[in-house]
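Note sheet for the following structure.
2 protein chains.
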Amino acid sequence: MGRIDTSKIYVALLHHPVYNKTGAIVTTAITNLDLHDIARTSTTFALGGYYVVNPQPAQRELAGRITSHWVSGFGAEYNPNRGEALGNIRIVSELSDVLENIEQRCGKRPKTIATAAKGAEGAVGYNRMRETLEEGGPHVLLFGTGWGLTRDFLASCDYTLKPIEGIGGYNHLPVRSAVAIILDRLLSNR
Amino acid sequence: MGRIDTSKIYVALLHHPVYNKTGAIVTTAITNLDLHDIARTSTTFALGGYYVVNPQPAQRELAGRITSHWVSGFGAEYNPNRGEALGNIRIVSELSDVLENIEQRCGKRPKTIATAAKGAEGAVGYNRMRETLEEGGPHVLLFGTGWGLTRDFLASCDYTLKPIEGIGGYNHLPVRSAVAIILDRLLSNR
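As you go down the protein sequences, you meet chains G and E in turn.
Residue 161 in the numbering used here sits at position 161 of the first sequence, with consecutive numbering throughout.
Residue 158 in the numbering used here sits at position 158 of the second sequence, with consecutive numbering throughout.
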């Protein structure tokens, strides 16, 4: 099995366009635990970075205050490991910012890999996606908050990954757990 | 590959005896997100249950108030999926309560499988542990909060699982992410 250069793999957490529980398309709020947990998991797999994507300026400002506490404020001294992880966060408005930023960092536009809790037509399995990643990056894995990325958004991505199937019918994995399982399946040394 | 009866697999999150960042043995506080995320992940894999273990009565009372909000209070109506997951939580004082409760439910004392972020002597790999689980349960996976379960505690368990190795040197995965990755490695259909 080939090696994957994980520094060319990115994660982005999108707060828009996602469904809410009634199926309306909304913008969700940034949560503190999505910042911490996904930053720590991304750093464990030595990713190129973690983008937090939200179109609302007040939300981005809040996220910036939280991350700077850990990166350069009191938290940096109290728990430097958190600063290392949260220093890998970039807070941006929309997906095009993510793609441009990765292009600046890698010299090449990334391919987009959407994730979804429900199966999509043409969704790619984990072994095949590993092979694609081995061929070289950059790639960005896109995760939705709320009740998931919209169908139109999913259709606009280069790939959609197959959903994580548990045992039995419960299909409400936290996005933080989904990120952990997907990075482990795609990137861990076996 | 054989089938694992996940209804005979349990998770327990221990708030004592664990290390704090200075290496002292402490009791940590229960967090809301450990309740929600680990309950949802455990339910995704159709486990027999999720034990939250804390020797402090005030901590157990708080956890009970949170879970009952979602299981029988306003949250049950607002988001029944949360109630389904948090209904699988049992809040107890210590490990012996976990073992007795599982023995009552399964008619047999469970084997204990400790997890740790650092390698331990004789630690078991994931493929070998899957084979052990296929031979039949009950088994309980033990996770520590804070800076991890104490060495003496680990030594008292039937098995210790190999740590999750990421890429590069960052070894500070959230316990919530570790639970997700470990359940996926041990229990998911491949």
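Think of the CB as a built atom: it goes at the ideal place given N, C-alpha and C, for glycine as much as any other residue.
With respect to chain E, the C-beta atom of I89(G) has no partner C-beta closer than 7 angstroms.
The C-beta distance from V11(E) to V175(E) rounds to 10 angstroms, too long to meet the 8 angstroms contact threshold. Residue pairing for A24(G): DSSP places it in no beta bridge. Taking the Cβ atoms as the reference, G146(G) lies roughly 4 angstroms from T28(G), within the contact range of under 8 angstroms. Interface with chain G (7 angstroms Cβ-Cβ cutoff): G48(E) is excluded.
Using a C-beta cut-off of 8 angstroms, the region 110-125 of chain E makes contact with the region 154-164 of chain E, since at least three inter-stretch Cβ pairs fall below that distance. Shown here for L35(E): same chain residues with a beta carbon closer than 7 angstroms to its own, the five before and five after excluded, namely V52, A63, I66, T67, L86 and I89 in chain order. Sorting T43(G), P163(G) and T31(G) by C-alpha distance to the C-alpha of G122(G) places P163(G) at the top.
Per DSSP, F153(E) lies in no beta strand (DSSP E); the unbroken alpha helix (DSSP H) holding it starts and ends at R151 to A155. Assignment of alpha helix (DSSP H) within the region 88-172 of chain G, counting only whole runs of 4 or more residues, yields 95-106, 126-134 and 151-155 in chain order. Contact with chain E is absent for N20(G), since none of that chain's Cβ atoms lies less than 7 angstroms from the residue's Cβ.
Straight-line spacing of the CA atoms in S96(E) and S188(G) works out to 35 angstroms. Only exposed fits R128(G), as fewer than 16 other CB atoms lie within 10 angstroms of its CB. Rounded to whole angstroms, the gap between the alpha carbons of R82(G) and P57(E) is 30 angstroms.
Around the Cβ of T22(G), a 10 Å sphere holds fewer than 16 other Cβ atoms; the residue is exposed. For L47(E) against F143(E), the beta-carbon gap comes to about 13 angstroms, at or over 8 angstroms, which does not count as contact. Beta-bridge pairing by DSSP links A12(G) to Y51(G) and L142(G). Distance check between G49(E) and each of H69(E), E84(E) and H16(E) places E84(E) closest, using alpha-carbon atoms only.
Contact annotation: L141(G) and F45(G) have beta-carbon atoms that are not nearer than 7 angstroms. For the options S72(G), I25(G), P80(G) and E131(G), the alpha carbon positioned closest to that of R185(G) is the one of E131(G). From the listed residues W70(E), A76(E) and S93(E), the smallest Cα separation to P17(E) is found for S93(E). Of all residues in the region 142-172 of chain G, the ones placed with a Cβ closer than 8 angstroms to any Cβ belonging to chain E are I164, E165, G166, I167, G168, Y170, N171 and H172, in chain order.
Non-local beta-carbon contacts of V26(E) in its own chain, meaning distances under 6 angstroms to residues more than five positions away in sequence, involve N20 in chain order.
The CB of I181(E) comes closer than 7 angstroms to the CB of A180, I181 and D184 in chain G, given here in chain order.
Under the DSSP definition of a beta bridge, Y78(G) lacks any partner.
A distance of 7 angstroms or more separates the beta carbons of Q59(G) and I38(G). Close CB contacts of I102(E) within its chain, under the 7 angstroms cut and outside five residues either way in sequence, are with Y10, P110, P138 and V140 (chain order). Residue contact check for N81(G) against chain E: a CB pair falls below 7 angstroms. L133(E) and T160(G) have their alpha carbons spaced roughly 32 angstroms apart.
Residue range P57 to V71 is occupied by the alpha helix (DSSP H) that includes G64(G).
Residue burial annotation: A120(G) is buried, with at least 16 other C-beta atoms found within 10 angstroms of its C-beta.
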